[in-house]
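Have a look at the structure below before the remarks.
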Amino acid sequence: MSYRGIPGPRPTGRYVPARGVYTESARLQRLDWLRDVTRLGLSSLQHTQLDAGRLTGNIEGFVGAVEIPVGVAGPLLFCGESVQGEVYAPMATTEGALVSSATRGALAVTMAGGVSTRAVSQAMTRAPVFAFSRLSAASRFATAIPQHLDDLRTAVRQVSSHAELVSIEPVVLGRTVHLRFRYTTGDAAGQNMTTACTWHACQWIREQPHLVSDEELESFIIEGNTSGDKKASSQAVAEGRGIRVSADCVLPGSIVERVLKTTPDELVRGYRHITAGAVHSGVLGSNANTANIVAAIFTATGQDIACVHESSAGQFILERTADGVYASMTLPGLAVGTVGGGTHLPTQQELLEAMGCTGRGSAARLAEIIAGFALALDLSTVSAAVSGDFVSAHERLGRNRPKIGSQPT
24 MSYRGIPGPR PTGRYVPARG VYTESARLQR LDWLRDVTRL GLSSLQHTQL
74 DAGRLTGNIE GFVGAVEIPV GVAGPLLFCG ESVQGEVYAP MATTEGALVS
124 SATRGALAVT MAGGVSTRAV SQAMTRAPVF AFSRLSAASR FATAIPQHLD
174 DLRTAVRQVS SHAELVSIEP VVLGRTVHLR FRYTTGDAAG QNMTTACTWH
224 ACQWIREQPH LVSDEELESF IIEGNTSGDK KASSQAVAEG RGIRVSADCV
274 LPGSIVERVL KTTPDELVRG YRHITAGAVH SGVLGSNANT ANIVAAIFTA
324 TGQDIACVHE SSAGQFILER TADGVYASMT LPGLAVGTVG GGTHLPTQQE
374 LLEAMGCTGR GSAARLAEII AGFALALDLS TVSAAVSGDF VSAHERLGRN
424 RPKIGSQPT
C-alpha cells in the first residue's frame, strides 16, 4: 500500500479514528485524537447534551457541539393563513441588536393591528444533466422526456410517499440536457428527499433504450447546477425554490413616529435610496437584512443553514399611504421544513414546538413566522438608518460596544 504515490503504509494517527461509529465512547476517542493533533486542551468540547447515536444522518466525525446564544424576539401579532395570534420567535445569533431590533419592529406592527401572512406555494427542485454526443440526440431526448411524466411519478412514489413530482422541464444547452424536476415535499424542506427521488427516476430513464442509448449518452450527473441549490439565483427568485411566502402590514404615521422614531416620509425616502442601491449593485431582491432573520431562525430550528443564500433573497416594499406606510416582504424561495434535517435534535425540536411548528402543515406556519419577523426587522432597520440611530444601537447592544473603562477608537 502507498500514500500519495509513496511506497509504504499510511502514516499512523493521520486520520480521524472510529470512522462511522456513533457512540459516546467513539466521540471521546476522536476528541482525544484531535487534542493530540492540535496539542490543545479543547475543554469546551468535552461535554455535550447531544446523543451521538441520534446523529447518524446529521454529521460525521462527531467530536462535540458549539453552543450559540438563543434570544427570543416578539411578540408579533399574526393574522395569517397558517398562523394567528401573538408569536415569539427564537433566534440563534451572536450579533448584538438583532433580537432587540426585531422586537421593536414587531411592537410597531402589533400595535398597528398585526401582520398578514400567506405561504403562497411550495416547490423543491433538482436538476440532473445528461450529456449526449451531439445536439440532435439531446434534442430528441428533451422532446421525449415530458411524455413520460406519469412513468416518472410512479418511479418517484417507490422512493418517497411525501414527495410529489409536479413537473419536469428539459433545458437544452448544446449537447447537454438539464432536467429540472419540480416537487412538493409536505412539511420537509426536501433537499435530500428530492435528490433520492430524482436519482431513481433517472435510473428508470437510463433503462429505457428508446430514450437513451449507450452510443449517444456520454455521461449523467445528478445535479447540473441549474436547480439553485444553496445558491442565490435569479431563477429561484422568479420561480421559487422552497416555500414562497409573503407578509404585509399597514402602519399609521403615529406608530411610525412613536415606535420607529421617524416619520412616514423619511422612512419611505430612505427605503427608496436603499432600493436604488440594490438595483445598482445587482442584488437579488431588495431588502435591508432579511438574511439575519433567516439565519437566526434557521440555526435555532435545525434548518440547513447553507440554504440561507437562496432563502434570504427577499423583496421588501414600502409605500406611502394617506395616514402612514404600507409594508410588505416576499421571500420567494424559503427552503424550510419542520421534519427531517436537524429538526429532530432536542433543542431545535423544543423551539419548533414553542412556535407551534410541529405536525401537519407546520412548515407553512414556520415560513409565515419567518416572513413576518423579516418584515418587522426590515422596518426597524431602515427606520434606524434614516433616523440616525443605527450606529448608536449597535454601540449599546452590538459587537462594537465599548468595554467598560476603555474609550472607543
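Residue numbering for the sequence shown follows the working numbering, beginning at 24 and increasing consecutively.
All C-beta atoms, glycine included, are put in the ideal place defined by N, C-alpha and C.
Predicted, not measured: the structure shown is a model, and the values here were computed from it.
Please state whether DSSP places residue i in a helix, a strand or coil.
i: threonine 353; result: strand
i: tyrosine 294; result: helix
i: methionine 378; result: coil
i: arginine 42; result: coil
i: proline 169; result: helix
i: alanine 115; result: strand
i: isoleucine 266; result: strand
i: leucine 51; result: helix
i: proline 275; result: strand
i: glutamate 241; result: strand
i: glutamate 246; result: coil
i: glycine 36; result: coil
i: valine 317; result: helix
i: serine 183; result: coil
i: alanine 211; result: strand
i: glutamine 430; result: Residue placement at glutamine 430 is poorly supported in this model, since its pLDDT is 47, which falls under 50; the coordinates still yield a value, given next. If DSSP states are grouped into helix, strand and coil, glutamine 430 belongs with coil.
i: arginine 141; result: strand
i: valine 362; result: strand
i: serine 159; result: helix
i: valine 60; result: helix
i: glutamine 72; result: coil
i: proline 232; result: coil
i: glutamate 83; result: coil
i: alanine 135; result: coil
i: valine 302; result: helix
i: leucine 398; result: helix
i: aspartate 174; result: helix
i: alanine 329; result: helix
Across which residues does DSSP place residue i in a beta bridge pair?
i: tyrosine 206; result: Met147, Leu188
i: threonine 199; result: Ala154, Leu196
i: glutamate 109; result: Leu100
i: isoleucine 340; result: Ser351
i: valine 409; result: DSSP output for valine 409 lists no bridge partner at all.
i: glycine 94; result: Met114
i: serine 309; result: Gln338
Which one of the options has the shortest CA to CA distance from residue i?
i: valine 268; options: Ser190, Ser139, Gln170; result: Ser139
i: alanine 394; options: Cys225, Thr71, Arg141; result: Arg141
i: isoleucine 320; options: Gly43, Met114, Leu100, Asn81; result: Met114
i: histidine 201; options: Leu290, Ile168, Gly76; result: Ile168
i: alanine 224; options: Gly308, Ile245, Gly263; result: Ile245
i: alanine 386; options: Gly263, Val194, Leu374, Val359; result: Val359
i: leucine 188; options: Gly197, Leu158, Val194, Thr148; result: Thr148
i: lysine 254; options: His332, Gly411, Trp222; result: His332
i: proline 151; options: Gly251, Ser48, Trp56; result: Gly251
i: arginine 37; options: Val44, Glu230, Val60; result: Val60
i: glutamate 479; options: Leu121, Pro355, Thr166, Gly80; result: With the chain covering 24 to 432 only, the question about residue 479 has no answer from this structure.
i: aspartate 271; options: Thr133, Ala112, His296; result: Thr133
i: aspartate 346; options: Val405, Cys380, Gly276, Gly363; result: Gly276
i: leucine 172; options: Val194, Ser190, Phe155, Thr166; result: Ser190
i: glycine 265; options: Gly84, Leu121, Asn215, Tyr45; result: Asn215
i: glutamate 192; options: Ser184, Arg205, Val182; result: Arg205
i: serine 66; options: Val86, Asp237, Ser48, Gln226; result: Val86
i: threonine 361; options: Tyr294, Ala211, Ile328, Gly103; result: Ala211
i: valine 44; options: Gly84, Ala390, Gln326; result: Gly84
i: arginine 42; options: Leu68, Ile82, Leu63; result: Ile82
i: histidine 70; options: Val279, Lys284, Glu47; result: Glu47
i: alanine 154; options: Gly209, Asp237, Gln372; result: Asp237
i: threonine 322; options: Ala299, Ile297, Gly364; result: Gly364
i: glycine 247; options: Thr221, Glu104, Val279; result: Thr221
Could you give the C-beta distance for residue i and residue j, rounded to a whole number, given that I count them as a contact under 8 angstroms?
i: glutamate 118; j: asparagine 315; result: 7 angstroms
i: threonine 207; j: alanine 146; result: 7 angstroms
i: alanine 336; j: valine 260; result: 5 angstroms
i: valine 405; j: alanine 311; result: 5 angstroms
i: leucine 240; j: leucine 402; result: Their Cβ separation, rounded to whole angstroms, is 53 angstroms, which puts leucine 240 and leucine 402 out of contact at 8 angstroms.
i: serine 257; j: leucine 196; result: Contact doesn't hold; Cβ gap of about 17 angstroms is too wide.
i: threonine 344; j: valine 273; result: 6 angstroms
Given the structure, does residue i come close to the ligand MN, in the sense that its CB is under 6 angstroms from one of the ligand's heavy atoms?
i: glutamine 258; result: Judged by which ligands are present, the structure shown has none, so any question about the ligand MN falls away.
Open item on the list: Check whether the segment 318-334 and the segment 288-304 touch, using three or more Cβ-Cβ pairs below 8 angstroms as the test.
Closed with: no
Task: contact_flag[the segment 120-140, the segment 91-110] where n(CB pairs < 8 angstroms) is 3 or more - done: yes
- [ ] Examine the Cβ distances between the segment 154-162 and the segment 189-200 and report whether three or more of them are shorter than 8 angstroms.
- [x] yes
TODO: Would you check if there are 3 or more beta carbon pairs closer than 8 angstroms linking the segment 98-110 to the segment 73-84?
DONE: no
Open item on the list: If contact is defined by three or more beta carbon pairs under 8 angstroms, each pair taking one atom from either stretch, is the segment 340-352 in contact with the segment 370-378?
Closed with: no
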